[in-house]
């Protein structure tokens with residue numbers, strides 16, 4: 001058999017470089033090794049060595065790659081251009097190993113020696129990355145802009161996209177998440193054309209943006225995909241970096257798993273000889289071990305061995321130049337020690353140039369130390385300082401999802417401030433901190449751009465998938481996840497904001513209450529539930545609520561409510577109703593009876609509640625029956641938006657499959673027509689999404705009679721079924737003028753989900769954020785006949801000029817139906 005003819009060295013080099021650029025690294029290594037073995041002069045060997053070093057470094061052989069470069073640099077008589085290219089490659093290897101201080105001067109030398117535009121563009125790009133690691137953000141941004149211009153002149157769209165992506169990462173470190181995601185999203189389409197590995201490199205940084213925006217689960221899911229992509233490509237260093245980022249994300253909601261993932265990354269880096277990356281992974285692992293319990297009700301003990309290991313790793317991080325990460329570890333250790341009664345002798349020092357997430361850790365450590373020393377006023381002051389930093393940054397967002405999820409950055413300082421306020425025993429202090437926490441994700445109002453064709457097409461595809469995937473876990477489908485992320489990112493990049501109403505003081509709230517109205521505001525912190533009672537007349541008071549009893553009673557509440565709705569007749573229905581009534585009576589005694597007495601038996605009640613009480617059917621509790629109840633996002637927002645809103649028109653929408661839907665809509669519409677007000681009904685094929693959104697813009701009251709279901713992991717995928725598919729929470733952003741009052745006669749659409757203190761949102765919250773005055777919805781299933789009669793009667797009150805919460809209470813008394821409908825927002 002004739003042997004295969006050997007390719008010329010120059011052709012082997014060209015093919016090897018092309019394969020390396022396309023991230024086909026094993027092919028590149030094979031071709032470049034053959035080229036190096038066949039090369040017969042030092043200049044050619046040096047050029048081959050530079051390209052081969054890149055492939056070896058990416059494939060997990062940094063020692064071999066570095067040896068190639070240092071050997072080539074010792075060749076005599078190398079042209080300056082070649083020496084510059086090898087210096088740049090060596091600098092890149094050192095950068096990947098974490099030795100930024102050694103890499104930077106080599107990059108400077110390479111930039112000075114290289115004239116070739118293509119080689120110069122790559123070196124300038126990598127120098128920007130090194131500057132980024134030293135957080136010299138202005139210089140790194142200049143380098144990336146220069147690299148983008150060089151790539152653009154070359155017509156290299158992939159290189160230009162990479163430089164733009166890195167500009168986005170610079171914006172991330174500067175705290176501008178909107179600009180970061182905007183740059184990265186635009187760049188990704190071009191980067192992904194290169195290869196799956198290139199797309200994974202882009203997604204690694206995009207996942208960090210998601211984490212900083214508080215979208216932790218989305219970030220973790222993307223990082224798992226990235227790590228798998230690097231694993232398939234046998235890129236062990238990159239895989240370790242993805243695992244490290246995953247561990248950092250998991251710190252926010254699953255610290256036990258974060259510790260395991262960080263340990264895996266640490267061992268991987270150790271095997272690669274990447275000492276600086278190994279110590280970074282160790283820092284994250286230790287932070288995970290120091291994290292409080294999942295519900296933050298108690299502190300974990302800090303053994304002396306763990307304390308000593310933290311000190312040792314912090315020193316190593318500082319020696320490698322990762323001073324910010326060293327400080328983050330020390331702040332977490334200080335807070336953990338303080339919570340176990342061992343406050344540090346000195347308060348954590350603030351560094352204004354640190355990232356926001358690290359500055360917040362410093363404020364939290366200072367607050368925890370003050371609390372441990374019995375200085376609650378100082379604890380609240382430190383927590384408030386951190387809260388103001390997060391709040392000022394958060395105002396740049398208008399997207400509902402990001403406003404909700406960024407609250408995760410403030411969870412630690414919220415808890416320290418709330419705990420110190422409850423310990424004070426002062427109603428004004430508890431009210432202030434209650435409002436801080438509730439108002440946090442509601443402090444801005446959205447300013448929406450016109451909807452574009454891509455957004456509409458993505459929503460249409462999402463609806464098609466919802467129809468195709470009938471199971472309850474349809475959101476787990478990769479196609480749904482990808483669409484949802486694209487829609488979400490487009491919204492929070494494009495949606496600007498304006499300031500919402502300011503936080504009011506307790507005195508300002510009291511002046512807004514009349515003699516018939518009281519506020520009950522519930523505060524949960526570290527296993528303790530407290531109710532602040534603010535009567536319309538009389539002094540405010542604090543009541544300890546038996547949280548264990550309330551928690552136990554709530555555990556079976558949803559299932560009993562659903563069973564009662566599903567079993568209206570038959571031998572078992574009476575037993576179910578009696579069991580439900582007994583549970584509601586016990587819950588009422590534990591949760592509201594004493595508070596109502598302390599409030600002076602008010603006729604109207606404003607309720608604010610934490611996520612631990614989400615879904616409570618307040619109007620069904622015996623102590624609140626016959627009273628006008630509204631559940632508000634915050635007392636401050638209620639003060640700003642309270643009062644009657646003129647209601648002169650109504651629209652009704654009936655989705656498919658609702659047994660008495662047409663009757664419910666007809667009953668309500670007749671009430672409006674008898675009073676001379678316009679009332680439109682969309683039913684059958686007319687209840688299409690575009691018709692419903694158009695109707696919503698033209699009426700004061702929108703009443704939707706349709707089946708729907710809450711999506712707990714993706715709340716804005718909650719929706720109700722219309723003739724042509726699901727109307728999602730995302731669709732609300734297409735409504736320019738939302739109706740003042742929205743009635744959702746559909747299963748579960750009033751329910752919110754709360755994870756780790758983050759206030760996630762469902763359809764009711766989406767309408768309120770969009771600008772609706774109030775939303776009437778139920779957190780659980782409601783029988784069709786009950787909804788039909790109760791809500792139909794409610795419209796008689798609305799037509800007669802009653803506020804929505806008053807109309808709901810009157811309808812309850814008139815029909816005798818005690819149902820789980822809740823008035824959210826400013827119901828009066």
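Numbering (full-length UniProt numbering), first residue to last: 1 to 828. Each residue gets a CB set at the ideal place from its N, CA and C atoms; glycine is no exception. These numbers come from a predicted model, not from an experiment.
Annotation for residue 84: 110, 113 and 114 place their beta carbon closer than 6 Å to its own, counting only its chain and skipping 5 residues before and after.
In this structure, the CA atom of residue 108 is about 30 Å from the CA atom of residue 26.
One thing to note: residue 314 has its Cβ within 8 Å of the Cβ of residue 330. By the criterion of a C-beta distance shorter than 8 Å, residue 621 is surrounded in its chain by 584, 587, 588, 591 and 592, once the five residues flanking it on both sides are discounted. For residue 168, the uninterrupted alpha helix (DSSP H) run begins and ends at 157-173, by DSSP. Counting along the chain, no beta strand (DSSP E) covers residue 732, and no H or E run does either. In the structure shown, residue 376 adopts helical secondary structure according to DSSP, grouped into three states. When rounded, the separation of the alpha-carbon atoms in residue 807 and residue 738 is 21 Å. In this structure, the alpha-carbon of residue 358 lies about 41 Å from that of residue 18. Judged by DSSP in its simplified three-state form, residue 332 adopts helix.
Rounded to whole angstroms, the gap between the alpha carbons of residue 170 and residue 333 is 29 Å. About 25 Å separates the Cβ atoms of residue 341 and residue 387, ruling out a contact at the 8 Å cut-off. Runs of the alpha helix (DSSP H) lying entirely within the stretch 627-695, each at least 4 residues long, are 635-641 and 661-674 in chain order. Residues 125, 144, 147, 148 and 151 of the same chain have their beta carbon placed closer than 7 Å to that of residue 163, with the five preceding and five following residues left out of the count.
Look at the stretch 261-331 and you find no whole run of beta strand (DSSP E) that is 3 residues long or longer. Between residue 628 and residue 322, the beta carbon gap of about 57 Å keeps them out of contact (Cβ cut-off 8 Å). The three-state reading of DSSP puts residue 115 in coil, since its state is none of H, G, I, E or B. In this structure, 615 is the residue among 701, 796 and 615 with its C-alpha nearest to the C-alpha of residue 820. In the same chain as residue 326, and ignoring 5 residues on each side of it, the C-beta atoms closer than 7 Å to its own belong to 314, 317 and 318, in chain order. Under DSSP, residue 428 takes part in no beta bridge, so it has no partner. For residue 217, no beta strand (DSSP E) segment is defined; the enclosing uninterrupted segment is the alpha helix (DSSP H) at 216-232.
Assignment of residue 541 by DSSP, reduced to helix, strand and coil, places it in the strand class. When the beta-carbon positions are compared, residue 268 and residue 239 come within less than 8 Å of each other.
Of 186, 551, 131 and 430, the smallest CA-CA separation from residue 613 is found for 551.
For the pair residue 290 and residue 302, the CB atoms are nearer than the 8 Å cut-off. Non-local beta-carbon contacts of residue 179 in its own chain, meaning distances under 8 Å to residues more than five positions away in sequence, involve 168 and 171 in chain order. Residue state for residue 436 is assigned as helix, using DSSP reduced to three classes.
A contact between stretches requires three or more CB pairs, one per stretch, nearer than 8 Å, and the stretch 71-79 meets this requirement with the stretch 42-49.
Pairing residue 466 with residue 686, the inter-Cα distance amounts to about 20 Å. At a Cβ-Cβ threshold of 8 Å, residue 647 and residue 459 do not count as neighbours. In terms of Cβ geometry, residue 630 and residue 826 form a close pair [threshold 8 Å].
Annotated as distal: residue 623 and residue 535, with beta-carbon spacing of 8 Å or more. In this structure, residue 226 keeps its C-beta atom at 8 Å or more from the C-beta atom of residue 247. Annotation for residue 370: 378, 379 and 382 place their beta carbon closer than 7 Å to its own, counting only its chain and skipping 5 residues before and after. Using a C-beta cut-off of 8 Å, the stretch 9-18 makes contact with the stretch 49-60, since at least three inter-stretch Cβ pairs fall below that distance. Counting only runs that start and end inside the stretch 543-568, there is no beta strand (DSSP E) element of at least 3 residues.
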